[in-house]
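K.L.:
In my numbering, the protein residues as written are 5 to 192.
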């Protein structure tokens, strides 16, 4: 079975995944949006991410033994631990990785990404604008999923490369109670 490549990003109204200071706390999901993320993780078989995102997401590798997490947070952690992870990093070592479900690639080349997608049993999600930029430019992304937060941050890390041109069609959308808009696009 051949997988499909998707790019998911939470963005500001003005198109940034992080502000000029590198802060993205403004994009933290509401409970309703988080539940949507948990549900959509069922379709993801492989997650491709860069070093910074991987280190951030390691939070989900060690659920607390007390009651500080909700049942939904435990479910996300369970789903996260069951998918394969490919981490693009030239500075991490095998010893830095959380499990044998994590594969380290020093540089994510398009040929490597094509093989990852071809070998996947489902959806391959590439996470993070820097990691995804080459795949977006090369036209490899089949699904674009944006969670647009009703906030303008004025600059920072753009969710899409500056020089990319895309012609997309909307295939799904949803507005959450906090005003976040989920927009799912595919290339025409």
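Yeah, the Cβ is synthetic: ideal placement off N, Cα and C, and Gly gets one too.
Where does residue 180 fall in DSSP's three states?
P.N.:
Position 176 of the chain shown holds residue 180. Here residue 180 sits in coil by DSSP.
K.L.:
CB-CB under 6 Å to residue 160, same chain, minus the five flanking residues each way: which ones, in chain order?
P.N.:
For the purposes of this step, residue 160 is identified with residue 156 of the chain shown, where counting begins at 1. Around residue 160: 20, 22, 23, 24.
K.L.:
Are the stretch 50-61 and the stretch 85-93 in contact at 8 Å, needing three or more beta carbon pairs?
P.N.:
Enough Cβ pairs lie closer than 8 Å, so yes.
K.L.:
Have a look at residue 74 and residue 101 and give me their C-alpha separation to the nearest angstrom.
P.N.:
Residue 74 sits at position 70 when you count from the first residue of the chain shown. Residue 101 sits at position 97 when you count from the first residue of the chain shown. About 26 Å.
K.L.:
Using a 10 Å radius around the Cβ and a threshold of 16 neighbouring Cβ atoms, would you call residue 30 buried or exposed?
P.N.:
The residue given as residue 30 occupies position 26 in the chain shown. Label assigned to residue 30: exposed.
K.L.:
Using DSSP with H/G/I as helix, E/B as strand and the rest coil, what is residue 155?
P.N.:
Position 151 of the chain shown, counted from the first residue, corresponds to residue 155. If DSSP states are grouped into helix, strand and coil, residue 155 belongs with coil.
K.L.:
Roughly how many whole angstroms lie between the Cα atoms of residue 117 and residue 95?
P.N.:
Sequence index remark: in the chain shown, residue 117 carries index 113 (1-based). Sequence index remark: in the chain shown, residue 95 carries index 91 (1-based). Cα to Cα, residue 117 sits roughly 19 Å from residue 95.
K.L.:
Enumerate in chain order the residues of its own chain whose CB-to-CB distance from residue 132 is below 7 Å, with the five nearest sequence positions on each side excluded.
P.N.:
Here the question's residue 132 lines up with position 128 in the chain shown. Here the set comprises 53, 54, 57.
K.L.:
Name the two residues that bound the continuous beta strand (DSSP E) containing residue 110.
P.N.:
What you label residue 110 is simply residue 106 of the chain shown in a count that begins at 1. That residue, residue 110, is in no beta strand (DSSP E); it is neither H nor E in DSSP.
K.L.:
Whole angstroms is fine: what's the gap from residue 106's alpha carbon to residue 152's?
P.N.:
Within the chain shown, the letter at position 102 stands for residue 106. Within the chain shown, the letter at position 148 stands for residue 152. Going by the C-alpha atoms only, they are around 29 Å apart.
K.L.:
State the DSSP-derived secondary structure class of residue 232, mapped to helix, strand or coil.
P.N.:
No answer is possible for residue 232: the residues shown for the chain start at 5 and end at 192.
K.L.:
So, with DSSP's three-state summary, where would you put residue 28?
P.N.:
Here residue 28 corresponds to residue number 24 of the chain shown, with the count starting at 1. Reduced to three states, the DSSP call for residue 28 is coil.
K.L.:
Comparing alpha-carbon positions, which option in 35, 138, 177 lies nearest residue 194?
P.N.:
Residue numbering for the chain in the displayed model covers 5 to 192; residue 194 lies beyond these limits and cannot be assessed.
K.L.:
Between the stretch 30-41 and the stretch 170-187, do at least 3 Cβ pairs fall closer than 8 Å?
P.N.:
In short, these stretches touch, since the Cβ pair count reaches three.
K.L.:
Quick check: what's the CA-CA separation for residue 15 versus residue 163?
P.N.:
Position 11 of the chain shown, counted from the start, is the residue given in the question as residue 15. Position 159 of the chain shown, counted from the start, is the residue given in the question as residue 163. Taking the straight line joining both Cα atoms gives about 6 Å.
K.L.:
Any idea if residue 194 is buried or exposed, counting beta-carbon neighbours within 10 angstroms, 16 or more meaning buried?
P.N.:
Nothing about residue 194 can be reported from this structure: the residues present for the chain run from 5 to 192 only.
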